[in-house]
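Structure first, then comments.
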Amino acid sequence: MSSGKITVITPPDKLFNLNPSYLLVKPSLTVKQQFQTILSQSIDDLTVFIFDDNDIDIDWLLSVAGQVDCVIIDIDNCDKLTSKFVVFLLAQGNTFYITMDEITPYGLISKNRIYDLNQIVEQLNEDDDEELED
154 MSSGKITVIT PPDKLFNLNP SYLLVKPSLT VKQQFQTILS QSIDDLTVFI FDDNDIDIDW
214 LLSVAGQVDC VIIDIDNCDK LTSKFVVFLL AQGNTFYITM DEITPYGLIS KNRIYDLNQI
274 VEQLNEDDDE ELED
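The working numbering applies: residue 154 is where the sequence shown begins, and numbers increase by one.
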């Protein structure tokens, strides 16, 4: 089994292709490490967009979020500017979020809360199994 090609894109660049695509929004070191594990297990070519610590181009963020297959937001790691757009992103069906915040009712907006990226790994494996069946 060989790994697929991974293309990493950061603001202001954009690349849209037919590969499965992910957007990581303000990922912590832990989230980055977990996602790296996911990437090492994938045999598909993937495109990964990263909106990281010092990124502030909200236009880029919203544009990319509307195009990718999956958005993963590390809410606890978001700066003040990005936090203002979290609710909008959570309202999108392709967005998953990680938070330790038990007070803010994000669950009223989205049921896609995850506690780590294992659920994303399971989703990748299910997608691979479906492709094999076709």
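C-beta atoms are modelled at their ideal positions from N, C-alpha and C, and glycine is treated no differently.
Predicted model, so just to flag it, every value in this text is computed and none were measured.
So for Val201, helix, strand or coil by DSSP? strand
Whether or not the stretch 213–231 and the stretch 255–274 are in contact is what I'm after, with contact meaning three or more pairs of Cβ atoms, one per stretch, closer than 8 Å; do they touch? With the cut-off at 8 Å, the stretch 255–274 and the stretch 213–231 touch.
For Ser174, which residues of its own chain have a beta-carbon under 6 Å away from its beta-carbon, when the five flanking residues on both sides are left out? Thr200, Val221 and Asp222
C-beta contact flag for Leu176 and Val224 at 8 Å: yes
Minimum length 4: unbroken alpha helix (DSSP H) runs contained in the stretch 180–246: Taking 4 residues as the shortest admissible run, the stretch 180–246 contains the following complete alpha helix (DSSP H) segments, listed from N- to C-terminal end: 182–194, 211–218 and 233–243.
Candidates Ser236, Asp269 and Thr160, of which the one nearest Asn172 by Cα: Thr160
For the beta strand (DSSP E) containing Thr160, list its first residue and its last residue. That run of the beta strand (DSSP E) goes Ile159 to Ile162.
On the CB-based measure, 16 or more other CB atoms within 10 Å of its CB, does Leu270 come out buried or exposed? buried
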